[in-house]
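S.K.: Okay, handing you the structure first.
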Amino acid sequence: MKTLRMTIMMTLWVVSAAVAGEATIYYGGDIITMEGASPQYAEAVVQRDGRIAFVGSRVEALKKFGKQAKQVDLKGKTLLPAFLDGHGHMYNVGFAALCANLLPPPDGPGQNFDSIVDTMNTYKASKEGKYMLNKLGWIIGNGYDDSQLAEKDHPTAETLDRVSKDVPVIIIHQSGHLGVVNSKAMELLKIGANSKDPKGGAYRRDAKGVPTGVLEEGALFGALFPIIGKSDAEFALKCIEKGQEEYAKNGYLTAQDGRTTKEQVEALVVAAKAGKFYIDVVAYPDITLGTDYLIGQEYSPSHDYKKRFRIGGVKLTLDGSPQGKTAWLSEPYLVPPTGQKKGYRGYPVMSDEKAVGYVKTAFRNKWQILCHTNGDAAIDQYVKAVDAAEKAYGYPDHRTVLVHGQTLRKDQIPELVRLKIYPSLFPMHTFYWGDWHESSVLGEPRASYISPTRDVVDAGLTITSHHDAPVTFPNSMRVLDATVNRVTRSEKILGPDQRLTPYEGMKTLTDWAAFQYFEEDTKGTLTQGKLADFVILDKNPLKIDSMKIHDIKIIEAIKEGRTVYSKE
């Protein structure tokens, strides 16, 4: 079915290309331009040669472009600018799609240890499981979440030995910052009672100090990166194809690949040169993995696409996951994780000196830098680093981005304004982990202040709201719903004073997102001359009960006048 769908999409692409010069008039629904501080509607929008040729009345559109123009009746549906991905990992979305889905409901079957084992055993016998084992030599699952498991704990190596004792098994936490391996994997990785914790990470241990199989941060990446590094060109292309599919069907026609490895950059460049992209993809390579290969190359950091791909800058990571309790906080976690004492606050990935050095490298090269900072202590570190880099190599309009900002404090917001650090916040946490933040991670009042979108917008900062896929699916309507409603799984409103209006929430996906990408001149609003990147929804988010925004369906995604996804 997926192969057939992709064939259909590529056929649509070719057919569209064959009628270049023909104008298409969209009318008959709510056409939201996303221009200005309040909602503006148009009767019609016209695309020609991949650009928006007209926005206005249908009568005027017909007068200008003639009755020979193709006319598309929206039949009451809603059209607006396509979405730009505030922050995600497009390549890894494709990778995750090839792994066993261990996400908790409503996105997957991961309810308890038994369901994880059952899912993994079914997966290892499947076509995808056999493919992954053949390519990478491991049985891999993605998306388990200890906060949503009945046991309220991580599985262990002993748990995963029920999947296999002979083949290495790894499952990745939904946060992407922790994981679990089986005994065979621990043997291959040489993890034992005398193993020292790796730099920037940890092996979780039992009461006797023996590693349990749970890997934190650097320990996980040290195991996972070599596995992914085994992928060949065919596997990389499969990840890219599946990643694009997921983004397009959710209305994202500009996707981000954050923390890209050198090998993934190479794969993305190969795909671009081969003409494999039908949406725009912007990569931000991991600055800690070296930058020599980014300088003076055909695909060096730039604001210009080449065959729908560009390197937008670099990515830095300063801490871990709040729901996984590895984020670096200034105040202790409410309930410390297993093996940690009261007063535990998480930990940094690196020293202040190193953080300053990396940010200075970005500023010296005039590269946009995005930085993963969940804990407020990590945000303090980032602010110090940006301040030092600004003083040393400051340049106008750098549009530095703070990614996640889960525990951003109110007193830190003026510093973001001063340094022009633009937040990409993660209010989807209110749905997925809001109850967990309140009962175990942060407690009140910190839990209600996660991703404080209202205060940041009121401070005058241009923000985006993101999904961080594959941490969650790149579900644009769930992103919008969480930004507007902040409703937890238990249906509690977490931090009602930090909600945005539906229109502001849509701005974080369109107009404001285009600004963070330096693409405000070509995307984000329905403005004459901009790219004809559209998304069509079955309902208008501004006219329905806001609590039902997550039920809105993506009907069609149109990239520069060409349909790249159609639900029908």
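For the sequence shown, the residue numbers in the numbering used here are 434 to 1001.
No residue lacks a Cβ here, since even glycine has one placed at the ideal position from N, Cα and C.
From residue 915 to residue 953, what does the alpha carbon distance come to, in whole angstroms?
M.R.: Each residue's Cα considered, the two are about 24 angstroms apart.
S.K.: Ordered along the chain, which non-local residues of its own chain (more than five positions away) have a Cβ less than 6 angstroms from that of residue 490?
M.R.: These residues qualify, in order along the chain: 476.
S.K.: Look at residue 874 and residue 766 and say whether their C-beta atoms are less than 8 angstroms apart.
M.R.: In this structure, residue 766 lies closer than 8 angstroms to residue 874 by Cβ.
S.K.: How many angstroms separate the CA atom of residue 626 from the CA atom of residue 644?
M.R.: So the alpha carbons of these two residues sit roughly 6 angstroms apart.
S.K.: Cutting at 7 angstroms between CB atoms, please list the residues of its own chain near residue 818, excluding the five before and the five after it.
M.R.: Once the five neighbours on either side are set aside, the close Cβ partners of residue 818 are 788, 789 and 792.
S.K.: Whole angstroms is fine: what's the gap from residue 946's alpha carbon to residue 757's?
M.R.: Their Cα atoms are separated by approximately 28 angstroms.
S.K.: How long is the line joining the alpha carbons of residue 640 and residue 615, rounded to whole angstroms?
M.R.: In a straight line, the C-alpha of residue 640 is about 19 angstroms away from that of residue 615.
S.K.: For the pair the region 659 to 671 and the region 680 to 692, tell me if three or more CB-CB distances fall below 8 angstroms.
M.R.: Touching, no.
S.K.: On the three-state DSSP scale, how would you describe residue 548?
M.R.: Here residue 548 sits in helix by DSSP.
S.K.: Among the residues of its own chain, which have a CB less than 7 angstroms from the CB of residue 887, if the five just before and after it don't count?
M.R.: Counting only Cβ-Cβ distances below 7 angstroms, and skipping sequence neighbours, we find 930, 931, 932 and 933.
S.K.: DSSP three-state label for residue 1004, please.
M.R.: The question about residue 1004 has no answer here: the residues shown for the chain are numbered 434 through 1001.
S.K.: Using 8 angstroms as the threshold, is the region 740 to 752 in touch with the region 714 to 723, meaning 3 or more CB pairs across them?
M.R.: Contact between the region 740 to 752 and the region 714 to 723 is present, because at least three Cβ pairs lie under 8 angstroms.
S.K.: Tell me residue 556's beta-bridge partners as DSSP assigns them.
M.R.: Looking at the DSSP assignment, residue 556 forms no beta bridge with any residue, so it has no partner.
S.K.: Does DSSP put residue 898 in a helix, in a strand, or in coil?
M.R.: Three-state result, residue 898: strand.
S.K.: Check whether the region 724 to 736 and the region 768 to 788 are in contact - that is, three or more C-beta pairs closer than 8 angstroms.
M.R.: Output reads no: the region 768 to 788 does not touch the region 724 to 736.
S.K.: How big is the Cα-Cα spacing for residue 810 and residue 624?
M.R.: Their Cα atoms are separated by approximately 30 angstroms.
S.K.: Rounded to the nearest angstrom, what separates residue 503 and residue 483 at their Cα positions?
M.R.: Distance between the alpha carbons of residue 503 and residue 483 is about 14 angstroms.
S.K.: What three-state label does DSSP hand residue 606 in the structure shown?
M.R.: Correct three-state label for residue 606: strand.
S.K.: Give the single residue among 588, 599, 726 and 481 whose Cα lies nearest to the Cα of residue 993.
M.R.: Residue 481 is the option with its Cα nearest to residue 993.
S.K.: Between the Cα of residue 584 and the Cα atoms of 965, 798 and 549, which residue gives the shortest distance?
M.R.: If we check each option's Cα against that of residue 584, 549 comes out closest.
S.K.: Quick one: give me the first and last residue of the beta strand (DSSP E) that residue 539 is part of.
M.R.: Here residue 539 belongs to no beta strand (DSSP E), and DSSP marks it neither H nor E.
S.K.: In the DSSP assignment, find the beta strand (DSSP E) that holds residue 616 and state where it starts and stops.
M.R.: From DSSP, residue 616 is part of no beta strand (DSSP E) but of the alpha helix (DSSP H) over 616 to 622.
S.K.: Residue 656: which of 469, 571 and 499 sits nearest, CA to CA?
M.R.: Nearest of 469, 571 and 499 to residue 656, Cα basis: 571.
S.K.: By the three-class DSSP mapping on this structure, what secondary structure does residue 533 have?
M.R.: Residue 533: strand per DSSP, three-state reduction.
S.K.: Please check the pair residue 607 and residue 577, which I expect to be a contact at CB under 8 angstroms, by giving their CB distance rounded to whole angstroms.
M.R.: Going by Cβ atoms, the distance from residue 607 to residue 577 rounds to 7 angstroms, so yes, they are a contact pair.
S.K.: How big is the Cα-Cα spacing for residue 796 and residue 728?
M.R.: Going by the C-alpha atoms only, they are around 14 angstroms apart.
S.K.: Considering just the uninterrupted stretch of the beta strand (DSSP E) at residue 636, what are its terminal residues?
M.R.: Unbroken beta strand (DSSP E) run through residue 636: 634 to 638.
S.K.: In chain order, what are the residue ranges of uninterrupted alpha helix (DSSP H) at least 4 long that sit wholly in the region 455 to 502?
M.R.: Runs found: 491 to 498.
S.K.: In whole angstroms, what is the alpha-carbon distance linking residue 545 and residue 832?
M.R.: The alpha-carbon atoms of residue 545 and residue 832 are separated by roughly 43 angstroms.
S.K.: Just the C-alpha distance for residue 686 and residue 506, rounded to the nearest angstrom, thanks.
M.R.: In a straight line, the C-alpha of residue 686 is about 22 angstroms away from that of residue 506.
S.K.: Taking the alpha carbon of residue 459 as the point to measure from, which residue in 972, 965, 895 and 976 has its own alpha carbon closest?
M.R.: Per the Cα distances, 965.
S.K.: Is residue 862 helix, strand or coil by DSSP?
M.R.: Three-state result, residue 862: helix.
S.K.: Starting from residue 670, follow the alpha helix (DSSP H) in both directions and report where the run begins and ends.
M.R.: 666 to 682 is the span of the alpha helix (DSSP H), which, as asked, contains residue 670.
S.K.: Using only alpha-carbon positions, find the residue among 912, 471 and 553 that is nearest to residue 531.
M.R.: Comparing Cα positions, the closest option is 553.
S.K.: For the beta strand (DSSP E) that contains residue 690, what are its first and last residues?
M.R.: First-last of the beta strand (DSSP E) with residue 690: 685 to 693.
S.K.: Which residues does DSSP pair with residue 965 in a beta bridge?
M.R.: In the DSSP output, where bridge partners are listed per residue, residue 965 has none listed.
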